[in-house]
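Just so you know, the protein sequences line up as chains A and B, in that order. Each residue of the first sequence is one higher than the one before, starting from 1 at the first, in the UniProt record's numbering. Each residue of the second sequence is one higher than the one before, starting from 1 at the first, in the UniProt record's numbering. Note that CB positions come from ideal geometry on N, CA and C, so glycine has one too.
Number of protein chains: 2
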Amino acid sequence: MPEDIVRALGYLCLGTRLRRIGEQVQAETQRIMERMDAPLQAGQYPLLAAIDRVGPLSVGELAETLGITQPGVTRMAGLLAEAGYLTARKETGDQRIRRLALTEEGQALIARSKQDIWPLIEAAVRNVCEPLGGSLIDQLDQLEDALAEAPLDRRARALEGQQP
Amino acid sequence: MPEDIVRALGYLCLGTRLRRIGEQVQAETQRIMERMDAPLQAGQYPLLAAIDRVGPLSVGELAETLGITQPGVTRMAGLLAEAGYLTARKETGDQRIRRLALTEEGQALIARSKQDIWPLIEAAVRNVCEPLGGSLIDQLDQLEDALAEAPLDRRARALEGQQP
DNA sequence: CCACGTTATATAACGCGTTATATTAATCGG
DNA sequence: CCGATTAATATAACGCGTTATATAACGTGG
Numbered sequence: 001m002p003e004d005i006v007r008a009l010g011y012l013c014l015g016t017r018l019r020r021i022g023e024q025v026q027a028e029t030q031r032i033m034e035r036m037d038a039p040l041q042a043g044q045y046p047l048l049a050a051i052d053r054v055g056p057l058s059v060g061e062l063a064e065t066l067g068i069t070q071p072g073v074t075r076m077a078g079l080l081a082e083a084g085y086l087t088a089r090k091e092t093g094d095q096r097i098r099r100l101a102l103t104e105e106g107q108a109l110i111a112r113s114k115q116d117i118w119p120l121i122e123a124a125v126r127n128v129c130e131p132l133g134g135s136l137i138d139q140l141d142q143l144e145d146a147l148a149e150a151p152l153d154r155r156a157r158a159l160e161g162q163q164p
Numbered sequence: 001m002p003e004d005i006v007r008a009l010g011y012l013c014l015g016t017r018l019r020r021i022g023e024q025v026q027a028e029t030q031r032i033m034e035r036m037d038a039p040l041q042a043g044q045y046p047l048l049a050a051i052d053r054v055g056p057l058s059v060g061e062l063a064e065t066l067g068i069t070q071p072g073v074t075r076m077a078g079l080l081a082e083a084g085y086l087t088a089r090k091e092t093g094d095q096r097i098r099r100l101a102l103t104e105e106g107q108a109l110i111a112r113s114k115q116d117i118w119p120l121i122e123a124a125v126r127n128v129c130e131p132l133g134g135s136l137i138d139q140l141d142q143l144e145d146a147l148a149e150a151p152l153d154r155r156a157r158a159l160e161g162q163q164p
């Protein structure tokens with residue numbers, strides 16, 4: 001079995017490595033959500049959660065809140081609107097601004113997620129992260145090892161039932 | 001200024017967040033490399049570095065070593081070959097295997113990178129990471145704050161000259 | 001009051017990862 | 001020794017981020 005070069009290069013490949021671990025975590029999160037019949041991609045929930053938390057937001061405000069660029073928000077919001085979870089209406093006063101709000105289905109989806117799905121995901125991620133200690137690189141090492149030993153969806157399954 | 005929802009959601013958005021930080025780190029690394037006239041994308045160097053380290057590798061071996069999927073390697077290797085840094089020749093014996101080796105230019109690029117570029121990048125990343133302490137989430141918080149205060153390329157500029 | 005700069009959003013093209021599937025070479029069992 | 005299975009790579013299509021640029025609405029100064 002060949003060595004993991006990205007891990008071996010350490011600080012030099014930190015960006016590549018964070019992305020790689022992030023993709024892994026997100027893919028495993030996705031598997032948990034599919035098992036819970038969540039209809040969206042894992043990365044789409046933060047947009048809905050932001051609106052749920054502070055009320056209708058513009059495209060630009062969402063970009064800031066989510067930490068991604070404006071074209072990314074425009075596209076993601078388009079998909080969520082098409083799927084029926086978001087509506088847009090032009091701001092009265094400033095017609096440039098499109099204010100995005102949750103539809104009934106959007107609100108229902110968030111309610112269900114908060115109730116049944118997010119606690120499970122958070123417990124699984126917490127479960128894999130909490131034993132970690134030491135420096136960031138050490139912790140990422142340990143995180144990857146821990147994920148290899150037991151992926152999140154397996155941990156989620158093990159934790160089911162003992163959640164509130 | 002709206003709150004950062006991905007940060008606020010904590011463990012629930014760990015995957016999204018690691019990807020986001022990884023993209024940021026890689027983009028800043030890219031800026032350092034451009035300033036040093038490095039001809040490639042930051043993410044392409046691990047492939048070359050792997051071959052430099054252990055000699056010519058097959059597509060499958062590279063996928064394992066890099067921790068990405070085989071189609072990703074096929075494409076990246078195609079681009080690097082087109083750019084003149086890699087050559088492929090069929091394995092004598094097993095004609096299915098394409099063994100990838102560095103060209104003269106590839107070797108020269110790696111030599112220059114090892115000499116002038118990688119130490120600078122590693123110093124910059126180490127500079128931003130070493131002050132971090134505490135749990136993984138805390139460390140990622142601090143990492144993002146530290147990057148916001150001074151991006152890697154600025155740190156690299158400050159560190160230039162005092163590198164070996 | 002309107003031409004011009006600014007702001008908000010949209011569109012286009014690309015980077016780099018993924019999954020699913022096709023293609024070709026090797027191997028194995030009857 | 002040939003047909004079926006397995007293994008290695010390639011191709012296609014998509015996800016989700018980016019940068020660069022276009023469009024449309026707002027505000028302002030000559």
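For the segment 4-15 of chain B, residues whose beta-carbon sits nearer than 9 Å to a beta-carbon of chain A comprise ASP4, ILE5, VAL6, ARG7, ALA8, LEU9, GLY10, TYR11, LEU12, CYS13, LEU14 and GLY15. C-alpha of ASP94 of chain A to C-alpha of ALA83 of chain A: approximately 27 Å in a straight line. Scanning its chain for C-beta atoms nearer than 7 Å, with the 5 sequence neighbours on each side dropped, one finds around ASP116 of chain A the residues MET36, in chain order. If you look at ALA123 of chain B, you'll find it in the alpha helix (DSSP H) that goes 118-129. Within chain A, ARG19 have C-beta atoms less than 7 Å from the C-beta of GLU23 of chain B, given in sequence order. By the rule that beta-carbons nearer than 9 Å mark a contact, GLN26 of chain A touches chain B. In this structure, LEU79 of chain B lies away from GLN26 of chain B, with their beta-carbon atoms at least 9 Å apart. Bounds of the beta strand (DSSP E) holding THR87 of chain A are 86-90. Per DSSP, ALA101 of chain B lies in no alpha helix (DSSP H); the unbroken beta strand (DSSP E) holding it starts and ends at 98-102. Around ALA81 of chain A, the same chain offers THR87 and ALA88 as residues with beta carbons nearer than 7 Å, after the five sequence neighbours per side are excluded. Ranked by Cα distance from GLU130 of chain B, the first of A:ILE5, A:VAL6, A:LEU14 and A:PRO2 is A:LEU14. About 6 Å separates the CB atoms of LEU66 of chain A and PRO46 of chain A; that is less than 8 Å, so the two are in contact. LEU86 of chain A is outside the set of residues whose beta carbon lies under 9 Å from a beta carbon in chain B. At least one beta carbon of chain A lies nearer than 9 Å to the beta carbon of GLU64 of chain B. Taking a Cβ-Cβ cut-off of 9 Å, the neighbours of ARG53 of chain B in chain A comprise GLU3, ILE5 and ALA8, given in sequence order.
Put simply, the CB of VAL73 of chain B is far from chain A, with every gap to its CB atoms at 9 Å or more.
Annotation: ALA49 of chain B to LEU109 of chain B spans about 10 Å, alpha carbon to alpha carbon. Among the residues facing chain A, PRO56 of chain B is not included, as its CB has no counterpart in that chain under 9 Å away. According to DSSP, LEU57 of chain A shares a beta bridge with A:LEU100.
Among the residues facing chain B, GLN139 of chain A is included, as its CB has a counterpart in that chain under 9 Å away.
Not flagged as an interface residue toward chain B: ARG112 of chain A, since no C-beta distance is shorter than 9 Å. A direct Cα-Cα distance of roughly 10 Å separates GLU61 of chain A from VAL73 of chain A. Taking the beta carbon of THR69 of chain A as reference, no residue of chain B falls within 9 Å; the closest one sits roughly 11 Å away.
Per DSSP, the continuous alpha helix (DSSP H) segment holding MET33 of chain B begins and ends at 14-35. When only Cα atoms are considered, ARG20 of chain B and ARG19 of chain A end up about 7 Å apart.
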